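Per numbering that gives the first Met the number 0, the sequence shown runs over residues 0 to 392.
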Amino acid sequence: MSEHLASFQGPRGTVRLTMPLDYRAAIANWTELRKAMARSLPEAFTRDEWAYLIAFLDADNLATPFRTTFGDPVSESAAAPGPLYRPRGGVAIWLPNNVSLLGPLVLVLLSLTGQPLRLKLGSSGSDLAGAFLRFARERLPPGSLRDWLESHVTAEQFDRDDPRQSEWTQWARVRIVFGSDAAAAAIHALPHPQTSVGISFVDRQSEAWVEPGALDEAVLRDLLKVFAIYGQAGCTSPRRVVVIDGTPDEAADLKDRLADLWPSVIRQRPAMHQASENLMADQWARSLGWDTVVVAEHAAVLATGSFELPGFEALLGLRILAASREEACLRLPANIQTIGHALVDPGDPSWMRLLAASAVCRFVPIARMHHFSSTWDGQDYWAQCFEVMEVSR
0 MSEHLASFQG PRGTVRLTMP LDYRAAIANW TELRKAMARS LPEAFTRDEW
50 AYLIAFLDAD NLATPFRTTF GDPVSESAAA PGPLYRPRGG VAIWLPNNVS
100 LLGPLVLVLL SLTGQPLRLK LGSSGSDLAG AFLRFARERL PPGSLRDWLE
150 SHVTAEQFDR DDPRQSEWTQ WARVRIVFGS DAAAAAIHAL PHPQTSVGIS
200 FVDRQSEAWV EPGALDEAVL RDLLKVFAIY GQAGCTSPRR VVVIDGTPDE
250 AADLKDRLAD LWPSVIRQRP AMHQASENLM ADQWARSLGW DTVVVAEHAA
300 VLATGSFELP GFEALLGLRI LAASREEACL RLPANIQTIG HALVDPGDPS
350 WMRLLAASAV CRFVPIARMH HFSSTWDGQD YWAQCFEVME VSR
């Protein structure tokens, strides 16, 4: 039963939201948790992952979905009522194997919708969602959010043939699937309520677009950080870097600058098998015609060449190419998601005219390539967790 009613003022007039949680108290609780997080580091997390989570729990960041979906919060008034938003019901989420930090981020944002959550962990990924859920249950103060997480949120791991797959699709009013095209199609094909919503986030890839005049050391450091955390495995990691309106010599110069900077930015030493893979990838790339450099301790392979050269596989292999704006757009993969940019004037309207005809979902500064929000792959999945009742008088 919905116990809390909040009002917002937005483009649709006075919008009202009814839900079983007081969203303002929940945001305050998540934000307060950062104090406990700053004093400890659970074994399941790296320092970078934990630091990102702490920053993510900023009150303004957590309030953003409410502002963008409903408007600015206002006190209850006698103004003519607009639409009433209410939670659809249970939300089931299938998480991927390759981006484990996604689990805690989804858990936090969707907990603010005040709906029961079931998170299916990747079959071979790290259980960061479960680890963070346990931490929050232990460290949050007694009250509505902690009680809600204990009674309405679960994180489980099972394989594709488990009967829980079908049980979850029949239970959920919203199904959110991160994974391959085939996995998403199979889950949505299972029996489910006719009025439920199915949302798919499937195979995607991203690029970094840079202009030579914008490549200061801070940008290069950001580029190395966003690439190294997931390599070629993450949908928001740059699969390649395109030097916009640059020359092959400028692409080669960027490759060398990144290689020189790597040891001071990426401190973690590669595992032996990763180093061996990179050495083999370097030989493979050179045989295909790429000009390569292996960074310190064989931690990654950076390569320059042309779009016509065959690709080479390496988790930490990054191709750097030069192209005009128009060619960069023409060369975009069909499943493009994010373009991380370092441009002299990213606000130039010509960029929007150029990208409007593309399939690009996100055009953000390189440092924000991995930033997760309530809108993803062009879908406002957070808002779709609510249904709208038209109200007039």
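Glycine residues also receive a C-beta, built at the ideal position from the N, C-alpha and C atoms.
Just so you know, these numbers come straight off a predicted model, no measurement behind them.
Residue environment, residue i, which counts as buried when at least 16 other CB atoms sit within 10 Å
i: HIS369; result: buried
i: ASP126; result: buried
i: PRO95; result: buried
i: GLN282; result: exposed
i: SER6; result: buried
i: ARG361; result: buried
i: LEU111; result: buried
i: ALA217; result: exposed
i: HIS46; result: According to the sequence provided, residue 46 is Arg. The question's His does not apply to it. With fewer than 16 Cβ atoms within 10 Å of its Cβ, ARG46 is classed as exposed.
Simplified DSSP state of residue i, which is helix, strand or coil
i: ASP290; result: strand
i: TRP381; result: coil
i: ALA5; result: strand
i: VAL390; result: coil
i: HIS297; result: helix
i: VAL201; result: coil
i: GLU75; result: coil
i: ARG117; result: strand
i: VAL359; result: coil
i: MET18; result: strand
i: TRP370; result: Checking the displayed sequence, the identity of residue 370 turns out to be His instead of Trp. Note: HIS370 maps to coil in three-state DSSP.
i: HIS441; result: Beyond the ends of the chain as shown, which are 0 and 392, falls residue 441; an answer cannot be given.
i: ALA43; result: coil
i: LEU278; result: helix
i: LEU329; result: helix
Candidates the options: closest to residue i by CA position
i: LEU314; options: ARG239, PHE371, ASP71; result: ARG239
i: PRO190; options: GLN164, ASP202, PRO211; result: GLN164
i: THR194; options: ALA251, GLN169, PRO162; result: GLN169
i: GLY271; options: LEU287, ARG285, GLU296; result: Here residue 271 is Met; the residue named in the question, Gly, does not match the sequence. When only C-alpha atoms are compared, the closest one is GLU296.
i: VAL359; options: GLN378, LYS224, ASN277; result: GLN378
i: GLU48; options: ALA171, GLY70, THR67, ILE228; result: ILE228
i: TYR380; options: PRO103, GLY121, PRO64; result: PRO64
i: GLU180; options: ARG15, GLU325, ASN334; result: According to the sequence provided, residue 180 is Asp. The question's Glu does not apply to it. Of the candidates ARG15, GLU325, ASN334, the one whose C-alpha sits nearest the C-alpha of ASP180 is ASN334.
i: ALA299; options: GLY288, GLU307, ALA284, PRO309; result: ALA284
i: THR374; options: ALA213, ASP244, LEU104, LEU4; result: LEU104
i: ARG220; options: TRP29, SER263, HIS340; result: SER263
i: ALA135; options: LEU257, VAL173, THR30, PRO192; result: THR30
i: THR17; options: ARG174, ALA27, VAL390, LEU4; result: LEU4
i: SER323; options: ARG46, ILE243, LEU144, PHE177; result: ILE243
i: GLU386; options: VAL196, ILE53, ALA54; result: VAL196
Anticipated Cβ contact below 8 Å, residue i with residue j, distance rounded
i: GLN336; j: GLN204; result: 6 Å
i: MET388; j: ARG133; result: About 37 Å; that fails the 8 Å criterion.
i: ALA321; j: GLU276; result: That belief does not hold up - the Cβ atoms of ALA321 and GLU276 are roughly 27 Å apart, past 8 Å.
i: LYS254; j: LEU301; result: 5 Å
i: PRO80; j: VAL390; result: 5 Å
i: LEU118; j: ALA128; result: 5 Å
Touch check for the segment 177–192 and the segment 142–157: three-plus C-beta pairs under 8 Å? no
I want to know whether the segment 15–23 touches the segment 36–46 - three or more CB-CB distances under 8 Å. no
The segment 233–247 contacting the segment 267–286, beta-carbon criterion three pairs below 8 Å: no
Could you check whether the segment 302–310 touches the segment 207–220, counting it as contact only if at least three pairs of C-beta atoms, one from each stretch, sit closer than 8 Å? no
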